[in-house]
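Protein chains in written order, with full-length UniProt numbering: chain A, 1 to 208; chain B, 1 to 208. For reference, the structure discussed in these notes is given below.
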DNA sequence: TAATGGATTAACCGTTTGGTTAACTTCTGA
DNA sequence: TCAGAAGTTAACCAAACGGTTAATCCATTA
């Protein structure tokens, strides 16, 4: 038998331990700031064992980046391409994205950083699978404009606005906290409110 | 005489050369990714001379961060605290911010990174000068709400939305380019449009 | 139970990196 | 004109770092 989960120790595999530790360290410090020794320490293993499982720092890093991008982008694209009614879609997209980012607040900055630092790698890794065409979303917006349900507006602009308002406050959290004098609790309350308010803000801005 | 600008060589001071080179390298690679040797090379000088002017990498880095934060934040706060009429203020803030970030597109990501990596240092460095109270802006929004000129809306939310839409598209540029299939020229056209459109988007969303 | 192969470790290695030293050059002012 | 200060350099150093080696541990199985 390949696994015999003891009743006392949950016994997480060493590989998972490493990946978890690597994710922590890379998200906190970035590629160049991360240290293989620290990853080993947090995983509770030897540094040599790290190279035994993942040949090099770069390989391990690319794996973590792939995981991070893979949990952020598909989530967004799938909802945008669903066949929900436009306003309902806006509400769902904003709500789900803010909820997810709330629980993974270091992820967006990490992903944005790495994609800016190494765009070619990113381009390849997403076009390798299916090219993320937002045809349905573009069409949906164009139709809503044509039917006069919303004001003339490019779907690209709409998308940028939604995503910006959903994600950026988490990246700029310390800045907003300082400038707006928000405590930790204040900030969380604010983000909780945005979960619904951002969508309504967008809808008011676009409806005819 | 302290300076005798030759007619042939403009003769930039070594210190400025270093700061310029350091800014380039730090913005591109971050603190841990930057190399003192590369900064020296780009400044066209010896590495020892770098330490002669700026004792350590950390000191040089803090200087660059200070300069970066100092060119981003005051610009925003001053306009927000000016006594322009609210809608006009929104138009001006968005326009000026997008224009500035267009010309310094690496700066926001750098600043956001560093502030997240080292929030205490940032908090100190801005509260040391005058504390950035946005009293005028908060009051202005509250009044506009009371007078029924705009819908009930917290000024914090309004500020976050404006700033997010102005800044984030530049940080997420490669992502948006990939997902929306935008060429370099397409992207620039889009940003040019946003220079005015974002403000109108905000105004439509908030007006009663 | 002995052999096999994967898992794990301590010790080590070569390179890179931030920083220093000591000497040399250039500038400045008395 | 010349002495001292400021500017600049090549060579060097110790620490940190990613990565390797060779030996040991340990579970499986024949």
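By construction, the Cβ of each residue, glycine as well, lies at the ideal position given by its N, Cα and C atoms.
>> Please give the ranges of any alpha helix (DSSP H) in the segment 83-115 of chain A, keeping only runs that are unbroken, at least 4 residues long and fully inside the region.
In response: 86-103
> In chain order, which beta strand (DSSP E) runs of at least 3 residues are fully inside the UniProt domain "HTH tetR-type" (12-72) of chain A?
Replying inline: none
> Checking contacts by CB at 7 Å: is residue 238 of chain A closer than that to chain B?
Replying inline: Outside the shown range of chain A (1 to 208) lies residue 238 of chain A, about which nothing can therefore be said.
>> Counting C-beta neighbours from all protein chains within 10 Å, is the total for residue 6 of chain A 16 or more, i.e. buried, or is it exposed?
In response: One-based indexing of the first chain puts residue 6 of chain A at position 6. Low confidence applies to residue 6 of chain A: its pLDDT is 35, below 50, so where it sits in the model is not reliable, and the reading given next is rough at best. With fewer than 16 other Cβ atoms within 10 Å, it is exposed.
> Should residue 46 of chain B go down as buried or exposed, given a rule of 16 or more other Cβ atoms within 10 Å for buried?
Replying inline: Numbered from 1 along the second chain, position 46 holds the residue referred to as residue 46 of chain B. Exposed, because fewer than 16 other Cβ atoms sit within 10 Å of the Cβ of residue 46 of chain B.
>> Looking at the strands, I want to know which residues DSSP matches up with residue 207 of chain A.
In response: Residue mapping note: residue 207 of chain A aligns to position 207 of the first chain, counting from 1. Partner residues in the beta bridge of residue 207 of chain A, as assigned by DSSP, are A/150.
> Is it true that the CB of residue 169 of chain A sits closer than 7 Å to the CB of residue 160 of chain B?
Replying inline: Position 160 of the second chain, counting from 1, holds the residue named residue 160 of chain B. Position 169 of the first chain, counting from 1, holds the residue named residue 169 of chain A. Result yes, Cβ atoms of residue 160 of chain B and residue 169 of chain A sit closer than 7 Å.
> Just to confirm, are residue 115 of chain B and residue 175 of chain A a CB contact at a threshold of 7 Å?
Replying inline: Here residue 115 of chain B corresponds to residue number 115 of the second chain, with the count starting at 1. Here residue 175 of chain A corresponds to residue number 175 of the first chain, with the count starting at 1. It is a contact, given that the beta carbons lie within the stated cut-off.
>> Could you give the first and the last residue of the continuous alpha helix (DSSP H) run that contains residue 161 of chain A?
In response: Position 161 of the first chain, counted from the start, is the residue given in the question as residue 161 of chain A. Looking at the DSSP string, the run of the alpha helix (DSSP H) that includes residue 161 of chain A is 155-171.
> Can you list, in chain order, the residues of the UniProt domain "HTH tetR-type" (12-72) of chain B whose Cβ is nearer than 8 Å to any Cβ on chain A?
Replying inline: 29, 30, 31, 32, 33
> How many Å lie between residue 154 of chain B and residue 189 of chain A at the Cα?
Replying inline: Residue mapping note: residue 154 of chain B aligns to position 154 of the second chain, counting from 1. Residue mapping note: residue 189 of chain A aligns to position 189 of the first chain, counting from 1. About 12 Å.
> Can you tell me whether DSSP reads residue 142 of chain A as helix, strand or coil?
Replying inline: Position 142 of the first chain holds residue 142 of chain A. Correct three-state label for residue 142 of chain A: helix.
> When DSSP labels each residue in this structure, what does residue 181 of chain A get in the three-state scheme?
Replying inline: As a first step, residue 181 of chain A must be located in the first chain, where it is residue number 181. Residue state, collapsed to three classes: coil.
> In this structure, does DSSP put residue 134 of chain B in helix, strand or coil?
Replying inline: The residue given as residue 134 of chain B occupies position 134 in the second chain. Coil.
> Who are the Cβ neighbours of residue 123 of chain A in its own chain at under 6 Å, not counting the five residues just before and after it?
Replying inline: For the purposes of this step, residue 123 of chain A is taken as residue 123 along the first chain, with counting starting at 1. Closer than 6 Å at the Cβ level, and outside the excluded window around residue 123 of chain A, lies no residue.
>> Please tell me whether residue 21 of chain A and residue 39 of chain A are closer than 7 Å, where the distance is taken between their beta carbons.
In response: For the purposes of this step, residue 21 of chain A is taken as the residue at position 21 of the first chain. For the purposes of this step, residue 39 of chain A is taken as the residue at position 39 of the first chain. Yes, the Cβ-Cβ distance between residue 21 of chain A and residue 39 of chain A is below 7 Å.
> Taking the alpha-carbon positions, what's the residue 3 of chain A to residue 49 of chain A distance?
Replying inline: Taking the first residue of the first chain as 1, we reach residue 3 of chain A at position 3. Taking the first residue of the first chain as 1, we reach residue 49 of chain A at position 49. A caution first: residue 3 of chain A carries a pLDDT of 33, below 50, which makes its placement in the model unreliable, though a value can still be read off. Approximately 21 Å, taken between the alpha carbons.
> Which residue's Cα is closest to the Cα of residue 141 of chain B: B/208, B/193, B/58, B/192?
Replying inline: As a position in the second chain, residue 141 of chain B is number 141, starting the count at 1. Of B/208, B/193, B/58, B/192, the smallest CA-CA separation from residue 141 of chain B is found for B/208.
> Just to confirm, are residue 204 of chain A and residue 136 of chain B a CB contact at a threshold of 7 Å?
Replying inline: As a first step, residue 204 of chain A is located in the first chain; it is residue number 204 there, counting from the start. As a first step, residue 136 of chain B is located in the second chain; it is residue number 136 there, counting from the start. Taking 7 Å as the Cβ cut-off, residue 204 of chain A and residue 136 of chain B do not qualify as a contacting pair.
> Rounded to a whole number of angstroms, what is the C-alpha to C-alpha distance between residue 92 of chain A and residue 164 of chain A?
Replying inline: Stepping through the first chain from its first residue, residue 92 of chain A is reached at position 92. Stepping through the first chain from its first residue, residue 164 of chain A is reached at position 164. Spanning the two alpha carbons is a distance of roughly 15 Å.
>> Within 10 Å of its beta-carbon, does residue 157 of chain B have 16 or more other beta-carbons around it, so buried, or fewer, so exposed?
In response: Numbered from its first residue, the second chain carries residue 157 of chain B at position 157. Residue 157 of chain B should be labelled buried.
> When Cβ atoms are compared, which residues of the segment 135-155 of chain B fall closer than 7 Å to chain A?
Replying inline: none
>> Using only the alpha-carbon positions, how far apart do residue 94 of chain B and residue 162 of chain B sit?
In response: Taking the second chain and counting its residues from 1, the one referred to as residue 94 of chain B is at position 94. Taking the second chain and counting its residues from 1, the one referred to as residue 162 of chain B is at position 162. Each residue's alpha carbon lies about 7 Å from the other.
>> Let's test the definition: count the other Cβ atoms within 10 Å of the Cβ of residue 166 of chain A and tell me whether it reaches 16, buried, or not, exposed.
In response: Position 166 of the first chain, counted from the start, is the residue given in the question as residue 166 of chain A. Looking at its Cβ environment, which holds 16 or more other Cβ atoms inside 10 Å, residue 166 of chain A is buried.
> Which term fits residue 97 of chain A, buried or exposed, when burial requires 16 or more other beta carbons within 10 angstroms of its beta carbon?
Replying inline: The sequence position of residue 97 of chain A within the first chain is 97, counting from 1. Residue 97 of chain A is buried by the Cβ-count criterion.
> Does any C-beta atom of chain B lie closer than 7 Å to the C-beta of residue 104 of chain A?
Replying inline: Along the first chain, one-based indexing puts residue 104 of chain A at 104. Not closer than 7 Å to any Cβ of chain B, the Cβ of residue 104 of chain A fails to qualify, so no.
> Which residues, in order along the segment 107-134 of chain B, keep a beta-carbon less than 7 Å from a beta-carbon of chain A?
Replying inline: 109, 112, 113, 115, 116, 119, 122, 123, 126, 132, 134
>> Is the beta carbon of residue 90 of chain A closer than 7 Å to that of residue 178 of chain A?
In response: Residue mapping note: residue 178 of chain A aligns to position 178 of the first chain, counting from 1. Residue mapping note: residue 90 of chain A aligns to position 90 of the first chain, counting from 1. No, they are not a contact pair.
> What do you reckon, are the CB atoms on residue 61 of chain B and residue 31 of chain B nearer than 7 Å?
Replying inline: The residue given as residue 61 of chain B occupies position 61 in the second chain. The residue given as residue 31 of chain B occupies position 31 in the second chain. The answer is yes: Cβ separation under 7 Å.
>> Measuring alpha carbon to alpha carbon, tell me which residue in A/12, A/43, A/109, A/102 is nearest residue 29 of chain A.
In response: Working through the first chain from its first residue, we reach residue 29 of chain A at position 29. Ranking A/12, A/43, A/109, A/102 by Cα distance to residue 29 of chain A puts A/109 first.
>> Quick check on residue 178 of chain A - is its C-beta less than 7 Å from some C-beta in chain B?
In response: Translated into the one-based positions of the first chain, residue 178 of chain A becomes position 178. So, interface residue.
>> Between B/88, B/104, B/82, which has its C-alpha nearest residue 23 of chain B's C-alpha?
In response: For this step, residue 23 of chain B is matched to residue 23 along the second chain. Checked all of B/88, B/104, B/82; the closest Cα to residue 23 of chain B is B/104.
>> Between A/76, A/113, A/99, A/64, which has its C-alpha nearest residue 25 of chain A's C-alpha?
In response: In the first chain, residue 25 of chain A corresponds to position 25, counting from 1. Considering only alpha carbons, the answer is A/64.
> At a CB-CB cut-off below 7 Å, which residues of chain B make contact with residue 169 of chain A?
Replying inline: Within the first chain, the letter at position 169 stands for residue 169 of chain A. Correct list: 160, 164.
> Nearest to residue 41 of chain B by alpha carbon, out of B/81, B/56, B/17?
Replying inline: If you number the second chain from 1, residue 41 of chain B lands on position 41. Nearest C-alpha to residue 41 of chain B: B/17.
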